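*Asks:* Structure in structure tokens, see below.
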Amino acid sequence: MTTWQENDLHAAQLELEKESTSLGIARYEKIREQRQEAETGPGRKLVMESIDATAAAIMAFVADADTGKPGKRHAALKFIRPLNPHALAYLTSFTCVNALVADHRKAVSVAITLGHEVANEINFSLLREKHPGLYRVVQEQLKKSTSARHSTAVMRHVIADAEFAPEDDKRLYLSDKDALLVGMKLIELFVEATGLVELVTVAERGKRHLLIAGNQKVLDWLTKAHDSAALYQPVLMPMVVPPRPWTTPRDGGYLTDIGGRADLVRTRNRAYKRELALVDMPNVYQALNAIQATAWKVNVPVLEVMRELWNAGGGVAGLPERELMDLPSRPALLETDPDYFKEHHADEFKEWKRDRAKVYEANARSVSTRLAAAQKIALAEKFAEYPAIYFPHNLDFRGRCYPLPPTLTPQGDDAAKGLLTFAQGVPLGEDGAYWLAIHVANCFGVDKVSFEERVAWVREHEEQILDSALDPLDGQRFWMDADSPFCALAACFEWLGYSLNGRDHVSHLPIALDGSCNGLQNFSAMLRDSVGGAATNLIPQPKPADIYSRVKDVAQEKLRARAESGDPLAIKLDGQLTRDIVKQPVMTLPYGVTKSGMRAQVLSKFKKLGMEDDWETAEYLATLLWECIGEVVIAARAAMDWLRDASKVASSADLPVSWTTPAGFPVLQEYREEEGVRIRPHVGGREVNLVVNIGGTKLDRRRQTLGISPNFVHSCDASHMMLTTCLAAENGIESFAMIHDSYGTHAGQAAILAAALRQAFVDQYSGDVLADFRQQLVEQLPPEAAEKLPPLPPHGDLDLSLVLESRYFFA
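With UniProt numbering applied, the sequence shown has no gaps in its numbers, which climb one by one up to 811 at the end.
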């Protein structure tokens, strides 16, 4: 084990930041090699900036032909005329920008490719217009494909098999000769309109060829743009020294200007960034600095187990399979006589294709999870030698706190959290074992019963827990059945330490205290909703309230009553409703989920549970759940409706919405949309939704309305976390594991954190945050608009001070 000195660690950190930049450049170049030029950032910029001029040239070409003047029309005209000129300009720009850096830039081959893309665009647009249902199904399936060639082939096959009324059948199939005519004309128009490329004739082996060549200034710009883009996309990693504290919006985090130095807030709004520098927000800086100053280290025993499982092939304890699934073997007859097999064994052929497609999809889905698992293990191995590691943080525009490095972070998945533990230890002391036992039970999913029952469960299963710590791979593997296997394994190791050392055991494990559907807790508190408060544990109760089960029970009662009256869909659903089906719709309500969104959630859950995939039944249940949730959490629906109405008033005055949270963080919600032409061309068989900017930007009123409820409640939970961190730090806590609605520290200090988070919540809502928000809007709006703000929803009778006595508020 290396013994590190402070100077050595500082030097190591500087080298790590250089390595981050080098890795970022290598990653960027690798991605660039795998993409067409028009799909890179700089290439996409050239495409988008070329569309308007190219579209104007196309429209002028068509208009000139429509003047009625005598003379021969260009042969390409009849193929160009039917298409949206901006969509056609996009295809042309996309193709020509790709040709800028291609190895084969012969104008003839580029033109033929472009001509066939035009035919594809006509055909694919026809399918979208005449068979929208089929089109949407195919496009949804193609989202899973990583091959443009495959996607195009699928769309062509669908077009060929689709049936059209004779008067609608305008499918177009071009010969290479006609494709050349169309493509060359469009390339000529692009050259004239943009000047980005030019057509040059070169001699090669005694033959003359017409090539597409990039303008030298454009090529130089592309080179510089790619160099800059690569430099500004470093592979961010944990630090081995404490991050620079934030004192201004530009001075925190990494030691050097890695990737151009991160801002305090993740936003592109320059005016907002300038305003932040003028805001006095001590709570924000104090909380953020305390969180990122927390010293972590790699949990080596967990790493060793994870590495061994991964090397053995994965596929257990939540790890993905390390290797791709094998494709089903081709039937022998398909190899020897494919035509006969397809004709006389059609069902077997379809089943083989279906099975192969399932494997393809499963492998494609698992690519990112396999890569993430390998990266987490590699990073943990890299940083295991350091005595402490740190995670620099910054904020999103709501004030929510996030680590800058991805993948292996305290806010990661079960594997990431299991691999990390606090570098500093704190003895368990008087009540640390109690909180450790609660944490162990929580990791195993025993979190809906009282604290006493959780402690009793740990005692009852102590033999299996200790076996998991002593022999995690060859023993009973009890830990693998936990809800969070690697967090559970880490907890088992910690429990072993307690069993050996008692309350003198120096614990390093973060003990998490989790909110109860935290968005609804915040809404219930701000409107003093006693019904919602009881459902989300804002008041003392002998056992934790489970809002998901409560909504399920209300819905089940209604289903049973409807079933008894003969409702066929209620009869179908009666007895089928589970907490799992109800959970996501309830959990996402405060974050703006709509009834149609709930329907999609229900459908997805039906599929996962092996139930019938029935749109009508899902729609019925989503409507019922919407009604039942409103009965259980009355204030949340009222607050959300009011926020949306208030946002509409601000939008009607063409103003964004801004407010300051109780912690002092200034939030700006300003969604803008480009003013321009919306087009939906196809690239590689897949639809691309674009807005061609022909003006400036305007306030996106729809997104302003949809975003206000989730953004406001997120800003409130972010404020609560900041105030909790400040209060806990003032009471001696130095290690924080904070994740929006889950707050953690050492078991020996969990009681201090539990008291701090309750006090901070009561302090935050002792005033009227919704009235404060309304007053801030009044001050921003013109008087005539301010008068249109709706009155605030009424308050209920919840005694907020009861939160201080509620054991299961965060548990």
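Cβ atoms here follow ideal geometry from the backbone N, Cα and C, with glycine treated the same way.
Model, not experiment: these values are computed from the prediction.
1) Tell me the rounded alpha-carbon separation between M722 and L236.
2) So if DSSP puts K698 in a beta bridge, which residue, or which two residues, is it bridged to?
3) Of the choices L802, E730, Q776, whose alpha-carbon is the least far from that of A290?
4) Report the rounded CA-to-CA distance for P320 versus A600, giving the unit in angstroms.
5) Buried or exposed for S570, please, with buried defined as at least 16 other CB atoms from any protein chain shown within 10 angstroms of its CB.
6) Residue range of the beta strand (DSSP E) that C401 falls in?
7) Does the region 42-61 come close enough to the region 180-192 that 3 or more CB-CB pairs lie under 8 Å?
8) When burial is assigned at 16 or more other CB atoms within 10 Å of the CB, is W615 buried or exposed?
9) Nearest to Q541 by alpha carbon, out of E805, P406, K207?
10) Suppose you measure from the CA of S801 to the CA of F665; what does that come to, to the nearest Å?
11) By alpha-carbon positions, which one of A488, R686, F523, A38 ends up nearest to N98?
12) Does the Cβ of H10 have 16 or more other Cβ atoms within 10 Å, making it buried, or fewer, making it exposed?
13) To the nearest angstrom, report how far apart L231 and R250 are at their CA atoms.
14) Using the beta-carbon count (16 or more within 10 Å), is S565 buried or exposed?
15) Quick check on the burial criterion: 16 or more other C-beta atoms within 10 angstroms. Buried or exposed for D355?
16) For residue 834, report the span of its alpha helix (DSSP H) as first-last.
17) CA-CA distance, V691 and F451?
18) Please classify G532 as buried or exposed, where buried requires at least 16 neighbouring CB atoms within 10 angstroms.
19) Identify, in the order they occur along the chain, each residue of the same chain with its Cβ nearer than 6 Å to the Cβ of I465, setting aside the five sequence neighbours on each side.
20) On the premise that D263 lies in contact with N394, defined as a C-beta separation below 8 Å, what is that separation, rounded to the nearest angstrom?
21) Expressed to the nearest angstrom, what Euclidean distance is found between the alpha-carbon atoms of D567 and D483?
22) Rounded to the nearest angstrom, what separates N84 and L186 at their Cα positions?
23) Three-state secondary structure (DSSP) at K552?
24) From the DSSP output, which residues share a beta bridge with S742?
25) Name the one or two DSSP bridge partners that R807 has.
26) Using 8 Å for Cβ pairs, my map puts V683 next to F94. What's the rounded Cβ distance?
27) Below 8 Å, how does it come out for the region 471-490 and the region 413-426: are there three or more Cβ pairs, yes or no?
28) DSSP three-state call for K297: helix, strand or coil?
29) Opposite L668 in the DSSP bridges: which residues?
30) Could you check the C-alpha separation between A751 and D431 for me, to the nearest Å?
31) Which residues in the same chain have their Cβ closer than 6 Å to the Cβ of N311, if we skip the five residues on either side of it in sequence?
32) Starting from the Cα of K382, find the closest Cα among L777, P782, A12, V769 and give me that residue.
33) What's the gap between the Cα of T409 and the Cα of V713?
34) Between L309, L114, D257, which has its C-alpha nearest P485's C-alpha?
35) Could you work out which residue in M325, Y386, E343, A380 is closest to A357 when comparing CA atoms only?
36) Report the residue from K608, K607, L625 whose alpha carbon sits nearest the alpha carbon of S596.
*Replies:* Result, derived from the coordinates:
1) M722 and L236 have their C-alpha atoms roughly 24 Å apart.
2) Beta-bridge pairing by DSSP links K698 to E673.
3) With distances taken between CA atoms, A290 lies nearest to E730 out of L802, E730, Q776.
4) Taking the straight line joining both Cα atoms gives about 26 Å.
5) Reading the sequence as shown, one finds Ala at residue 570 and not Ser. When all chains shown are included, A570 counts as buried.
6) First-last of the beta strand (DSSP E) with C401: 401-403.
7) Contact between the region 180-192 and the region 42-61 is established, with three or more Cβ pairs separated by less than 8 Å.
8) Its Cβ having fewer than 16 others within 10 Å, W615 is exposed.
9) Between Q541 and the set E805, P406, K207, the nearest pair of CA atoms involves E805.
10) For S801 and F665, the gap between their C-alpha atoms comes out near 25 Å.
11) Relative to the Cα of N98, the nearest Cα in the group A488, R686, F523, A38 belongs to A38.
12) Of the residues assessed, H10 falls on the exposed side of the cut-off, its CB having fewer than 16 other CB atoms within 10 angstroms.
13) A direct Cα-to-Cα measurement between L231 and R250 gives close to 19 Å.
14) The residue in question, S565, is exposed, as its Cβ has fewer than 16 Cβ neighbours within 10 Å.
15) Exposed: under 16 other Cβ atoms inside 10 Å.
16) This structure leaves residue 834 out entirely; the chain is present only between 1 and 811.
17) Using only the alpha carbons, I get a separation of about 55 Å.
18) Per the 10 Å Cβ criterion, buried.
19) The residues are C492, W495.
20) The C-beta separation of N394 from D263 comes to about 7 Å, placing the pair in contact by the 8 Å criterion.
21) Rounded to whole angstroms, the separation of the alpha carbons of D483 and D567 is 37 Å.
22) Taking the straight line from one Cα to the other gives about 14 Å.
23) K552 falls in the helix class under three-state DSSP.
24) Answer by DSSP bridge pairing, in chain order: D514.
25) Answer by DSSP bridge pairing: none, since R807 is not bridged.
26) Confirmed, Cβ separation roughly 6 Å.
27) Output reads yes: the region 413-426 touches the region 471-490.
28) Secondary structure of K297 (DSSP, three-state): strand.
29) Among the bridge pairs identified by DSSP, L668 is matched with S658.
30) Cα to Cα, A751 sits roughly 8 Å from D431.
31) So the list is empty, once near-sequence residues are dropped.
32) The residue among L777, P782, A12, V769 with its C-alpha nearest the C-alpha of K382 is A12.
33) For T409 and V713, the distance between alpha carbons rounds to 24 Å.
34) Nearest of L309, L114, D257 to P485, Cα basis: L309.
35) It is M325 whose Cα lies nearest to the Cα of A357.
36) S596 has its Cα closest to that of L625, out of K608, K607, L625.
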